[in-house]
Amino acid sequence: MSLVAGTFVPPATAQSSSDPPRVSISVERRPADHGVVRYHLDFETPGDAHRFWLINYTGNVVSSEGFVADSTKNGNHALRWDGETESPSMTITTSVKSGNGREFAATDDWTLAPTPRVSVAWGESGDDEWSYFHPFQDEYPNRDVSFADAGVLGSAFTYVGKYDEHVRSENGQRFRMIVAADASPAESPRNVFDSLAAASKRIPGETPNDVLLFVLPDPIWRGGYASPRYDELWVHEAARLDDPQNLWLHEYIHTRQSFDLGDRMSWFREASAAYFASDLAMQQGRTSKSAVADTLSLKSYDESVLSNTDTWANREVPYYRGALTLWALDEKIQKATDGKRSLMDVFDRMNRRDGTVTYADFTKIVADVAGQSMTPWLDEHVTTTTKPNLEPLRNSDSAGSNVGKAASDSNGNGNSGKESDGLSDVQPPAKTGDLPSTLVLWGGLGLVGLVFGLTLAQYVSGFVSRFRGGE
Numbered sequence: 001m002s003l004v005a006g007t008f009v010p011p012a013t014a015q016s017s018s019d020p021p022r023v024s025i026s027v028e029r030r031p032a033d034h035g036v037v038r039y040h041l042d043f044e045t046p047g048d049a050h051r052f053w054l055i056n057y058t059g060n061v062v063s064s065e066g067f068v069a070d071s072t073k074n075g076n077h078a079l080r081w082d083g084e085t086e087s088p089s090m091t092i093t094t095s096v097k098s099g100n101g102r103e104f105a106a107t108d109d110w111t112l113a114p115t116p117r118v119s120v121a122w123g124e125s126g127d128d129e130w131s132y133f134h135p136f137q138d139e140y141p142n143r144d145v146s147f148a149d150a151g152v153l154g155s156a157f158t159y160v161g162k163y164d165e166h167v168r169s170e171n172g173q174r175f176r177m178i179v180a181a182d183a184s185p186a187e188s189p190r191n192v193f194d195s196l197a198a199a200s201k202r203i204p205g206e207t208p209n210d211v212l213l214f215v216l217p218d219p220i221w222r223g224g225y226a227s228p229r230y231d232e233l234w235v236h237e238a239a240r241l242d243d244p245q246n247l248w249l250h251e252y253i254h255t256r257q258s259f260d261l262g263d264r265m266s267w268f269r270e271a272s273a274a275y276f277a278s279d280l281a282m283q284q285g286r287t288s289k290s291a292v293a294d295t296l297s298l299k300s301y302d303e304s305v306l307s308n309t310d311t312w313a314n315r316e317v318p319y320y321r322g323a324l325t326l327w328a329l330d331e332k333i334q335k336a337t338d339g340k341r342s343l344m345d346v347f348d349r350m351n352r353r354d355g356t357v358t359y360a361d362f363t364k365i366v367a368d369v370a371g372q373s374m375t376p377w378l379d380e381h382v383t384t385t386t387k388p389n390l391e392p393l394r395n396s397d398s399a400g401s402n403v404g405k406a407a408s409d410s411n412g413n414g415n416s417g418k419e420s421d422g423l424s425d426v427q428p429p430a431k432t433g434d435l436p437s438t439l440v441l442w443g444g445l446g447l448v449g450l451v452f453g454l455t456l457a458q459y460v461s462g463f464v465s466r467f468r469g470g471e
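For the record, in the sequence shown the residue sitting at position 218 is 218 according to the UniProt record's numbering, with numbers rising by one throughout.
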């Protein structure tokens, strides 16, 4: 461990027992531009015997006091406490213009913006051990948060403005719904909570302790968005529980996806959320098999191959073609096991698998669950343009009848799904993203005038994991 020529060289897995300095975070919208949210972080004065760095930040640092511009051994910009300034501080902003322009929005009354990410590297002088904390996430041990007006600071989303709050605790989870003050939800909080709680009981595996939901009106994109890593999501106020593509359930299912997917399996994240959302809605009597079949038949994508994103006509392919394929696969699994197992067992085993789930892994898991190989059928429908026949599914007795009845033991392994966004400009019914990975923001280092940022979405989580020894 050394600080040579101003270079920060932390170990891969070292940990320190001492807590970082307390931080007070104040949040407000920029008066002249409601699309920009400003975060001011005031830290307590670190002890003389401590080292204190800010690393891995996203957003735009507009000012800092008591920090010196430096860099990590990987060449990423960092801020190092000068060792003298009392109550060092940092001001950082994020914008609704981040991402592809549909994830966030602002009006005169409210703003939904990405929450920035800052890692605090903390250690005692002369000690080779370091600890790493994130002030904007709940894991930070000592923090206070205040808003100039009103708002909610999530790990992925920041909402600034007045709101109504509704809370339900059930099945080991706490659902917290934030409804924008000018929103008129098509569904009551009670009905939404009932649906989510019922779905939670049908999905095997570990449940998130807390799920944060936002309900927003126009001009937010008329769909939904989820951050599986932080178990947060938003939906448009018009979302209905009787929609065959149920946005509420779709986004919630994303919070139950903890698998990492290989390139040939990228379709499965949205396809499984789309299929299970429809299937769970059927289970709850909120929609019908014919309505789901009619919806999935609206778009065929005859020339698209699920396993090859380069062939996709647009980003909607997994929502329609992928969901249809999983519906047919679920029926095959249920018939092969006399209804004792289903696609939910496959989903469960994928969640519990360590490492990336490749297409070969997927075919093996399906074979293990079904008790027989289905690789030829999968190869035909996942790796070619062949699509399942919808009519047998529309009339089947088994399709959609066994969702959630996973036969395997399930312990779960957390909920840190990862998926990048951005295949085309077509708006899908709903989408997901690991916000710290997909919304990498650029900006200047304010007073010290340095340009910083992380350049690769996938690099962010790996970089943090190396510094913290895994998350």
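Glycine included, every Cβ here is placed at the ideal spot set by N, Cα and C.
Does DSSP put residue i in a helix, in a strand, or in coil?
| i | result |
| --- | --- |
| A336 | helix |
| P20 | coil |
| H134 | coil |
| F268 | helix |
| P189 | helix |
| Y57 | coil |
| Q283 | helix |
| E65 | strand |
| T325 | helix |
| D368 | helix |
| E331 | helix |
| S290 | helix |
| S200 | helix |
| Y230 | coil |
| L213 | strand |
| D241 | For the sequence presented, residue 241 should be read as Leu rather than Asp. Residue state, collapsed to three classes: coil. |
| F259 | coil |
| L298 | coil |
| T311 | helix |
| E111 | The residue you asked about is not Glu; residue 111 is Thr in the sequence shown. Of the three classes helix, strand and coil, the one that applies to T111 here is strand, per DSSP. |
| L306 | coil |
| D70 | strand |
| T356 | strand |
Under 8 Å, Cβ to Cβ, is there at least one residue of chain D near residue i?
| i | result |
| --- | --- |
| G75 | The chain inventory of the structure shown lacks chain D, comprising one protein chain alone. |
Can you give the Cα-Cα distance for residue i and residue j, rounded to whole angstroms?
| i | j | result |
| --- | --- | --- |
| Q427 | G223 | Bear in mind that a pLDDT of 46 at Q427, under 50, signals an unreliable position, so the number given afterwards is only what the model happens to contain. For Q427 and G223, the distance between alpha carbons rounds to 8 Å. |
| N411 | I253 | Note on N411: pLDDT 40, under 50, position unreliable in the model; the coordinate value appears next. Approximately 17 Å, taken between the alpha carbons. |
| W53 | R168 | 38 Å |
| G322 | G262 | 16 Å |
| F362 | P217 | 39 Å |
| D243 | L280 | 12 Å |
| M374 | A360 | 12 Å |
| V98 | P114 | Val is not the amino acid found at residue 98; the sequence shown has Ser there. Straight-line Cα distance between these residues: approximately 8 Å. |
| T309 | E303 | 11 Å |
| S266 | T358 | 9 Å |
| Y132 | Y140 | 9 Å |
| residue 473 | R30 | For residue 473 there is no data in the structure shown, the boundaries of the chain being 1 and 471. |
| V192 | L112 | 21 Å |
| L298 | H77 | 49 Å |
| G172 | D210 | 9 Å |
For residue i, which of the options has the nearest alpha-carbon?
| i | options | result |
| --- | --- | --- |
| V96 | A370, P46, R341 and T107 | T107 |
| Y39 | R190, S200, G154 and L306 | G154 |
| Y159 | V36, S18 and V357 | V36 |
| F157 | F193, E124, V27 and I55 | V27 |
| M90 | T309, A198, T45 and S63 | S63 |
| W221 | S227, F214 and H236 | H236 |
| G83 | L212, L324, I203 and G47 | G47 |
| A291 | H250, L390, A238 and A199 | L390 |
| G285 | K332, L212, D194 and E129 | D194 |
| A105 | Y225, S119, D260 and P141 | Y225 |
| Y319 | Y140, E270, D210 and T58 | E270 |
Can you tell me the Cβ-Cβ gap for residue i and residue j, rounded? I've got them flagged as a contact below 8 Å.
| i | j | result |
| --- | --- | --- |
| P20 | W122 | 4 Å |
| R341 | V366 | With 8 Å as the limit, R341 and V366 do not qualify as a contact, their Cβ atoms being about 10 Å apart. |
| N56 | R117 | 7 Å |
| A180 | W110 | 5 Å |
| S18 | E86 | With 8 Å as the limit, S18 and E86 do not qualify as a contact, their Cβ atoms being about 19 Å apart. |
| G59 | T94 | 5 Å |
| N246 | S278 | 7 Å |
| H134 | S146 | Wrong, their Cβ atoms sit about 18 Å apart, outside the cutoff. |
With residue i as the anchor, note down where its alpha helix (DSSP H) starts and where it stops.
| i | result |
| --- | --- |
| I253 | L247 to H254 |
| T375 | T375 to V382 |
| E139 | Careful: E139 lies outside any alpha helix (DSSP H) and carries neither H nor E. |
| E391 | L390 to N395 |
| D33 | Counting along the chain, D33 falls outside any alpha helix (DSSP H), though it belongs to the beta strand (DSSP E) covering D33 to F43. |
| D348 | L343 to R352 |
For residue i, report the span of its beta strand (DSSP E) as first-last.
| i | result |
| --- | --- |
| T94 | S89 to S95 |
| V118 | First-last for V118: undefined, no H or E at that position. |
| D164 | Y163 to E170 |
| L79 | H77 to W81 |
When you measure from the CB of residue i to every non-hydrogen atom of the ligand HEM, does any distance come out below 7 Å?
| i | result |
| --- | --- |
| F175 | Ligands displayed in this structure: none; no statement on the ligand HEM is therefore possible. |
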